[in-house]
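Peer 1:
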Amino acid sequence: MIPLGHYLFVSAVLFAIGTAGVFLRRNLITILLSVEIMLNAVNLSFVAFGRQLGTVDGQIIVFFVMTVAAAEAAVGLAIVIALFRHRESLNPDAFTSLKW
Amino acid sequence: MIVVDFVVEDMDLRLLVQLGVIAFTFLMLINASALLVYAERKVMGFMQQRYGPYRVGPHGLLQPLADILKLLMKEELTPKGADRWLFTLAPILAVTAAFAAFATVPFGAETTLFGLLDEPVKLGVADINVGVLVVFALTSMGVYGIVLAGWSSNSKYSLLGGLRSSAQMISYELSYATALSAVILLAESLSLRVTVDAQAGYWFGVIPRWYVFLQPVGFLIYMTAAIAETNRAPFDFPEAEQELVAGYNTEYSSVRFALFPQAEYINMTTAAAVATDLYLGGWHGPFLPVEYGWIWFLVKVGAILFVYIWVRWTVPRYRYDQLMQFGWKWLFPASVINLIATAALVLSLNA
Amino acid sequence: MPETLVFYLLSAIAIGASALVIGQRNPMYSVLLLIASFGALAGLYIQLQAPFVAVAQIIIYAGAIMVLFLFVVMLLNAPQEDAAEWDRTHPLRRPTISRFGGLLAALLVVQLAWALLSARGVEAPVGAGAVADTGSVRALGRVLFSEYVFAFEATSVLILVAMLGAVVLARREGES
Numbered sequence: 008m009i010p011l012g013h014y015l016f017v018s019a020v021l022f023a024i025g026t027a028g029v030f031l032r033r034n035l036i037t038i039l040l041s042v043e044i045m046l047n048a049v050n051l052s053f054v055a056f057g058r059q060l061g062t063v064d065g066q067i068i069v070f071f072v073m074t075v076a077a078a079e080a081a082v083g084l085a086i087v088i089a090l091f092r093h094r095e096s097l098n099p100d101a102f103t104s105l106k107w
Numbered sequence: 002m003i004v005v006d007f008v009v010e011d012m013d014l015r016l017l018v019q020l021g022v023i024a025f026t027f028l029m030l031i032n033a034s035a036l037l038v039y040a041e042r043k044v045m046g047f048m049q050q051r052y053g054p055y056r057v058g059p060h061g062l063l064q065p066l067a068d069i070l071k072l073l074m075k076e077e078l079t080p081k082g083a084d085r086w087l088f089t090l091a092p093i094l095a096v097t098a099a100f101a102a103f104a105t106v107p108f109g110a111e112t113t114l115f116g117l118l119d120e121p122v123k124l125g126v127a128d129i130n131v132g133v134l135v136v137f138a139l140t141s142m143g144v145y146g147i148v149l150a151g152w153s154s155n156s157k158y159s160l161l162g163g164l165r166s167s168a169q170m171i172s173y174e175l176s177y178a179t180a181l182s183a184v185i186l187l188a189e190s191l192s193l194r195v196t197v198d199a200q201a202g203y204w205f206g207v208i209p210r211w212y213v214f215l216q217p218v219g220f221l222i223y224m225t226a227a228i229a230e231t232n233r234a235p236f237d238f239p240e241a242e243q244e245l246v247a248g249y250n251t252e253y254s255s256v257r258f259a260l261f262p263q264a265e266y267i268n269m270t271t272a273a274a275v276a277t278d279l280y281l282g283g284w285h286g287p288f289l290p291v292e293y294g295w296i297w298f299l300v301k302v303g304a305i306l307f308v309y310i311w312v313r314w315t316v317p318r319y320r321y322d323q324l325m326q327f328g329w330k331w332l333f334p335a336s337v338i339n340l341i342a343t344a345a346l347v348l349s350l351n352a
Numbered sequence: 541m542p543e544t545l546v547f548y549l550l551s552a553i554a555i556g557a558s559a560l561v562i563g564q565r566n567p568m569y570s571v572l573l574l575i576a577s578f579g580a581l582a583g584l585y586i587q588l589q590a591p592f593v594a595v596a597q598i599i600i601y602a603g604a605i606m607v608l609f610l611f612v613v614m615l616l617n618a619p620q621e622d623a624a625e626w627d628r629t630h631p632l633r634r635p636t637i638s639r640f641g642g643l644l645a646a647l648l649v650v651q652l653a654w655a656l657l658s659a660r661g662v663e664a665p666v667g668a669g670a671v672a673d674t675g676s677v678r679a680l681g682r683v684l685f686s687e688y689v690f691a692f693e694a695t696s697v698l699i700l701v702a703m704l705g706a707v708v709l710a711r712r713e714g715e716s
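Protein chains in written order, with our numbering: chain A, 8 to 107; chain B, 2 to 352; chain C, 541 to 716.
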């Protein structure tokens with residue numbers, strides 16, 4: 008049996024990796040991927056806590072996170088495509104003006 | 002001490018039998034892809050009023066072997082500017098996903114192999130309680146092989162094929178999953194074995210209790226979506242010869258090329274086997290005792306595969322925008338309505 | 541202990557692949573490595589007696605969301621991340637903003653590790669005291685469609701809105 012703390016540690020490391028990705032990368036697609044890593048890190052801790060407490064609530068919240076992640080990916084990627092059409096770049100630093 | 006030894010020996014035997022079933026399934030899938038190549042060319046020949054392959058072996062039966070030998074002896078080419086890693090990985094991914102997807106498909110009731118074994122074994126590699134979903138998940142992994150092949154080839158035809166494939170598979174996966182959900186509602190289980198066993202017996206003593214009679218629309222939707230999922234004509238846009246040379250596998254040669262058609266034929270077999278399990282009562286059928294049910298299973302899978310080939314050589318290819326329109330505006334709403342109707346039926350029957 | 545071994549293997553794959561996702565420039569490889577990471581996480585869910593979540597993870601994340609990412613990367617023809625002019629300079633001499641980001645991430649690791657170390661009860665083996673069958677799809681469905689039914693319906697509205705938003709955003713200007 009693996010202690011709960013180990014799952015939480017894996018989750019924490021994944022979350023930190025995701026955060027670092029959002030801060031450090033300069034590609035909109037990689038930034039969105041980093042957000043997905045963070046969401047998955049949280050999912051892992053939800054499932055682990057749910058298992059620990061013997062309820063299914065943790066798993067159900069994971070479903071909601073997944074649907075929200077799907078919506079986020081769809082809208083986020085649509086924005087990325089729209090931005091790329093204007094500037095031919097995926098670097099967030101290229102989009103500094105509020106209007107063009 | 003003796004008891005412990007006995008138990009361990011027993012475990013070993015079970016493991017051995019299970020490994021045997023796995024090896025058998027693997028070999029049968031390889032054979033199925035070879036046989037389908039032959040069947041496809043032969044059926045196509047007859048539909049076009051000619052003989053098809055006839056020279057290699059009696060009635061051309063050894064043609065698949067000759068094809069494989071020919072492909073093995075070809076030179077393996079990697080185009081300039083291609084992404085080497087992904088170019089090699091793509092066919093491996095495609096064929097691995099195809100083989101893995103069959104793992105949770107049961108193909109027969111418990112059998113003792115004509116009395117050879119003391120304990121009956123279940124025919125099927127793995128029996129999991131979320132079997133249908135596992136098949137679905139692993140089939141949807143197959144798209145990566147095609148998409149990566151298209152992208153890594155560094156060729157515009159391949160890239161277009163890969164793009165088309167990803168859009169097409171995402172669109173048709175929805176209808177596919179919704180059609181499956183209706184059957185899951187009826188069977189009240191996600192296990193394929195339970196679903197099959199729920200279809201044993203007859204209504205009024207004549208009509209077999211197969212779900213195809215309760216789900217005629219669902220069955221048609223499933224078959225259409227499965228053809229699109231396996232990239233077969235009339236939905237073979239990723240490799241449309243007249244438009245894209247050969248689509249995603251334009252730049253492939255030798256063994257790496259051979260893996261793509263193999264993955265396609267294995268995916269076809271899986272789709273047919275799942276359709277048999279979900280809609281056509283699996284190994285249940287008249288005249289044969291249930292231990293010999295695998296004969297029924299093979300007959301049904303063969304019939305569905307024949308329909309696949311028949312459709313391919315009869316129906317012309319759609320246009321790409323027609324494919325999208327058909328998928329989103331007709332097939333998906335139809336499957337949703339089918340699902341709601343099924344849910345209402347199940348509720349009213351249980352109430 | 542094969543169970544422990546599998547846990548460490550899957551965790552190593554998940555963490556290693558995620559680190560590589562943000563560690564290199566080609567978005568195509570990033571997407572593929574993230575799929576590997578999701579596969580490992582699905583394995584962890586199976587270990588946690590949540591097979592349905594594991595399969596949903598593969599179907600929704602790896603099978604749908606990542607295909608969408610892949611589609612966009614291919615559609616935009618995978619522009620590699622432009623190297624900034626200060627990329628080859630020493631990490632400590634880079635512009636403040638990047639140092640700040642790395643610092644924040646490091647701080648987060650320290651904070652989370654501290655929280656984990658100071659928490660009590662995390663040494664208990666997971667699932668030791670669990671009585672209810674959390675792995676059954678039936679139990680999951682019952683709770684989802686009774687207690688959480690409002691959230692479920694709200695999510696469906698969210699998805700509808702997101703779908704419309706995506707269509708509007710991705711449409712070329714001038715098209716009707």
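Built from N, CA and C at the ideal position, the CB exists for glycine as well.
Which word fits Asp6 (chain B), buried or exposed, when buried means at least 16 other C-beta atoms lie within 10 angstroms of its C-beta?
Peer 2: The residue labelled residue 6 (chain B) in the question sits at position 5 within the second sequence. Unreliable placement is indicated for Asp6 (chain B), whose pLDDT of 43 sits below 50; the coordinate value is still reported in the next sentence. In this structure Asp6 (chain B) is exposed. Its beta-carbon is surrounded by fewer than 16 other beta-carbon atoms within 10 angstroms.
Peer 1: Work out the CA separation of Arg15 (chain B) and Ile67 (chain A) for me, nearest whole Å.
Peer 2: Reading the first sequence from its first residue, position 60 is the one you call residue 67 (chain A). Reading the second sequence from its first residue, position 14 is the one you call residue 15 (chain B). Distance between the alpha carbons of Ile67 (chain A) and Arg15 (chain B) is about 37 Å.
Peer 1: Helix, strand or coil for Leu72 (chain B), going by three-state DSSP, please let me know.
Peer 2: Mapped onto the second sequence, residue 72 (chain B) falls at position 71. Of the three classes helix, strand and coil, the one that applies to Leu72 (chain B) here is helix, per DSSP.
Peer 1: From the DSSP output, in three-state form, read off Leu7 (chain A) for me.
Peer 2: Outside the shown range of chain A, which is 8 to 107, sits residue 7 (chain A), and nothing can be said about it.
Peer 1: If you measure from the beta carbon of Met703 (chain C) to each beta carbon in chain B, is any gap under 9 Å?
Peer 2: For the purposes of this step, residue 703 (chain C) is identified with residue 163 of the third sequence, where counting begins at 1. Closer than 9 Å: no.
Peer 1: In whole angstroms, give me the CA-to-CA distance for Val347 (chain B) and Glu189 (chain B).
Peer 2: The residue labelled residue 347 (chain B) in the question sits at position 346 within the second sequence. The residue labelled residue 189 (chain B) in the question sits at position 188 within the second sequence. Spanning the two alpha carbons is a distance of roughly 10 Å.
Peer 1: Just mark Leu87 (chain B) as buried or exposed, buried being the case when its beta carbon has 16 or more other beta carbons within 10 Å.
Peer 2: Along the second sequence, read from residue 1 onward, the residue named residue 87 (chain B) stands at position 86. Classification of Leu87 (chain B): buried, given that the 10 Å Cβ count is 16 or more.
Peer 1: What are the boundary residues of the alpha helix (DSSP H) that Gln326 (chain B) is part of?
Peer 2: Sequence index remark: in the second sequence, residue 326 (chain B) carries index 325 (1-based). Run containing Gln326 (chain B): Tyr321 to Gln326, per the alpha helix (DSSP H) assignment.
Peer 1: State the Cα-Cα distance for the pair Ala259 (chain B) and Leu616 (chain C), rounded to the nearest angstrom.
Peer 2: In the second sequence, counting from the first residue as 1, residue 259 (chain B) sits at position 258. In the third sequence, counting from the first residue as 1, residue 616 (chain C) sits at position 76. Taking the straight line joining both Cα atoms gives about 30 Å.
Peer 1: In the DSSP output, which residue or residues are listed as bridge partners for Tyr203 (chain B)?
Peer 2: Residue 203 (chain B) sits at position 202 when you count from the first residue of the second sequence. B:Pro209.
Peer 1: Would you mind giving the Cβ-Cβ distance between Phe108 (chain B) and Gly125 (chain B), rounded to the nearest angstrom? I have them listed as a contact below 8 Å.
Peer 2: Translated into positions along the second sequence, residue 108 (chain B) becomes position 107. Translated into positions along the second sequence, residue 125 (chain B) becomes position 124. Indeed they touch by this definition, with Cβ atoms about 6 Å apart.
Peer 1: Using the Cβ count rule (16 or more neighbours within 10 Å means buried), how would you classify Phe47 (chain B)?
Peer 2: In the second sequence, residue 47 (chain B) corresponds to position 46, counting from 1. With a 10 Å radius around the Cβ and a threshold of 16 neighbouring Cβ atoms, Phe47 (chain B) comes out exposed.
Peer 1: Tell me, please, whether the segment 640-647 of chain C touches the segment 25-41 of chain A by the rule of three or more beta-carbon pairs shorter than 8 Å.
Peer 2: These segments touch.
Peer 1: Compute the distance between the beta-carbons of Leu680 (chain C) and Val63 (chain A), then report whether it is under 9 Å.
Peer 2: Mapped onto the third sequence, residue 680 (chain C) falls at position 140. Mapped onto the first sequence, residue 63 (chain A) falls at position 56. Against a cut-off of 9 Å, the Cβ pair of Val63 (chain A) and Leu680 (chain C) comes out as a contact.
Peer 1: Can the beta-carbon of Tyr249 (chain B) be found less than 9 Å from the beta-carbon of Ile575 (chain C)?
Peer 2: Within the second sequence, the letter at position 248 stands for residue 249 (chain B). Within the third sequence, the letter at position 35 stands for residue 575 (chain C). At a Cβ-Cβ threshold of 9 Å, Tyr249 (chain B) and Ile575 (chain C) do not count as neighbours.
Peer 1: Is the Cβ of Gly151 (chain B) closer than 9 Å to any Cβ of chain C?
Peer 2: Position 150 of the second sequence, counted from the first residue, corresponds to residue 151 (chain B). So yes, Gly151 (chain B) belongs to the interface.
Peer 1: Need the endpoints of the alpha helix (DSSP H) that Lys1 (chain B) sits in, please.
Peer 2: Only positions 2 to 352 of chain B appear in the structure, and residue 1 (chain B) is not among them; the question remains open.
Peer 1: Please classify Ser577 (chain C) as buried or exposed, where buried requires at least 16 neighbouring CB atoms within 10 angstroms.
Peer 2: By 1-based counting over the third sequence, the position of residue 577 (chain C) is 37. That one is buried.
Peer 1: Does the beta carbon of Met2 (chain B) come closer than 9 Å to any beta carbon on chain C?
Peer 2: Looking up residue 2 (chain B) in the second sequence gives position 1. At Met2 (chain B) the pLDDT is 32, less than 50, meaning the model places this residue with poor confidence; the figure from the coordinates comes in the next sentence. With 9 Å as the cut-off, Met2 (chain B) does not count as an interface residue toward chain C.
Peer 1: Determine the chain A residues that contact Ala559 (chain C) at a beta-carbon separation under 8 Å, and present them in chain order.
Peer 2: Against the third sequence, residue 559 (chain C) aligns to sequence position 19. Against chain A, the beta carbon of Ala559 (chain C) has neighbours under 8 Å at Ile24, listed in chain order.
Peer 1: May I ask you to report which of helix, strand or coil DSSP gives Ala234 (chain B)?
Peer 2: Counted from its first residue, the second sequence places residue 234 (chain B) at position 233. It is coil, neither helix nor strand.
Peer 1: What are the residues of the segment 561-591 of chain C that lie near chain E, defined by any Cβ-Cβ distance shorter than 7 Å?
Peer 2: Included in the structure are the protein chains A, B and C, with no chain E among them.
Peer 1: Using beta-carbon positions only, say whether Ala91 (chain B) and Ala40 (chain B) come within less than 9 Å of one another.
Peer 2: The count along the second sequence starts at 1 and reaches residue 91 (chain B) at position 90. The count along the second sequence starts at 1 and reaches residue 40 (chain B) at position 39. For Ala91 (chain B) and Ala40 (chain B), no; Cβs fall outside 9 Å.
Peer 1: Tell me which same chain residues have a C-beta within less than 6 Å of the C-beta of Val87 (chain A), skipping the five on either side of it?
Peer 2: Residue mapping note: residue 87 (chain A) aligns to position 80 of the first sequence, counting from 1. The answer, listed in chain order, is Leu35.
Peer 1: Specify, as a first and last residue, the run of the alpha helix (DSSP H) that Phe277 (chain B) falls within.
Peer 2: The count along the second sequence starts at 1 and reaches residue 277 (chain B) at position 276. Per the sequence presented here, residue 277 (chain B) reads as Thr, with Phe not at that position. Run containing Thr277 (chain B): Ser255 to Leu279, per the alpha helix (DSSP H) assignment.
Peer 1: Can you pull the DSSP bridge partners for Pro665 (chain C)?
Peer 2: Residue numbering aside, residue 665 (chain C) sits at position 125 when the third sequence is read from its first letter. Pro665 (chain C) is bridged to A:Pro10.
Peer 1: Residues of chain C with CB under 7 Å from Ser41 (chain A), in chain order?
Peer 2: Position 34 of the first sequence, counted from the start, is the residue given in the question as residue 41 (chain A). Under the 7 Å cutoff, chain C gives Ile562.
Peer 1: Check the Cβ-Cβ distances between Met142 (chain B) and every residue of chain C, and say whether any is below 9 Å.
Peer 2: As a working note, residue 142 (chain B) is residue 141 in the second sequence. Under the Cβ distance rule, Met142 (chain B) counts among the residues neighbouring chain C, one pair being separated by less than 9 Å.
Peer 1: Can you tell me which of B:Ser156, B:Phe25, B:Ser349 and B:Asp278 puts its alpha carbon nearest to the alpha carbon of Trp245 (chain B)?
Peer 2: Residue 245 (chain B) sits at position 244 when you count from the first residue of the second sequence. A small fix is needed here, since residue 245 (chain B) is Leu in this sequence, not Trp. Residue B:Ser156 is the option with its Cα nearest to Leu245 (chain B).
Peer 1: Determine the direct distance from the alpha carbon of Met269 (chain B) to that of Arg318 (chain B), and round the result to whole angstroms.
Peer 2: Stepping through the second sequence from its first residue, residue 318 (chain B) is reached at position 317. Stepping through the second sequence from its first residue, residue 269 (chain B) is reached at position 268. Distance between the alpha carbons of Arg318 (chain B) and Met269 (chain B): 18 Å.
Peer 1: If you follow the alpha helix (DSSP H) that Arg194 (chain B) is in, where does it begin and where does it stop?
Peer 2: For the purposes of this step, residue 194 (chain B) is identified with residue 193 of the second sequence, where counting begins at 1. Here the alpha helix (DSSP H) through Arg194 (chain B) covers Leu193 to Asp198.
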